[in-house]
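Residue numbers (UniProt numbering): 1 to 186.
We put the beta carbon where it would ideally sit given N, CA and C, even for glycine.
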């Protein structure tokens, strides 16, 4: 079997992941002070590897440790010192957490002054579409969708960011309003 073959589910997931990465790298270009990056919910560490290739000192945090990946539960205190990180990425991750507000508090705690959070998450409009794509068409992983604990409206995400201490942030809709993209500066 060809090694570059993808099932429809894998191909669609790969497309969505690449789209998120492209948005993140585009946003990252506007910040020239970024050196150290932590990717929360990094999975296999694909983004960590790409960031390292770009010259960043990048690490991931996920449930399993690996090279450049720290094992930790993102619902708990992050295993990082106060004001120690330039950039946190959280791409399609926060919706899986039991305590998303606590996670945002932790992100704020570990970011340095002028540190940046780049976050993506499905919007409330995405819920019925994601469920249809997962449960009926089988284009995306059912387990992944079933694991979503919360869907954010733009207003709710802005409220959460402000509540944890971010005063300089921008939340935009993308992918026809089905996802939210936030950039927040401490």
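Cut-off 6 Å between Cβ atoms - residues of its own chain near residue i, not counting five sequence neighbours on either side
i: residue 96; result: 147
i: residue 117; result: 88, 107, 184
i: residue 83; result: 112
i: residue 176; result: none
i: residue 4; result: Any reading at residue 4 needs caution, since the residue's pLDDT is 41, under 50, leaving its predicted position unreliable; the model's value is listed next. So no residue of the chain qualifies.
i: residue 91; result: 20, 120
i: residue 133; result: 139, 140
i: residue 56; result: 37
Residue i versus residue j: straight-line alpha-carbon distance, rounded
i: residue 71; j: residue 47; result: 16 Å
i: residue 111; j: residue 87; result: 7 Å
i: residue 98; j: residue 75; result: 6 Å
i: residue 15; j: residue 101; result: 28 Å
i: residue 155; j: residue 124; result: 11 Å
i: residue 149; j: residue 69; result: 24 Å
i: residue 128; j: residue 60; result: 30 Å
i: residue 196; j: residue 144; result: Any question about residue 196 goes unanswered here, given that the chain covers just 1 to 186.
i: residue 41; j: residue 25; result: 17 Å
i: residue 34; j: residue 136; result: 42 Å
Chain-order list of residues whose beta-carbon lies under 7 Å from that of residue i (same chain, five-residue window excluded)
i: residue 66; result: 45
Buried/exposed call for residue i, threshold 16 Cβ in 10 Å
i: residue 81; result: exposed
i: residue 166; result: buried
i: residue 152; result: buried
Residue i - partner residues in DSSP beta bridges
i: residue 39; result: 60, 89
i: residue 120; result: 91, 181
Own chain partners of residue i with C-beta closer than 8 Å, once the 5 adjacent residues on each side are dropped
i: residue 64; result: 71
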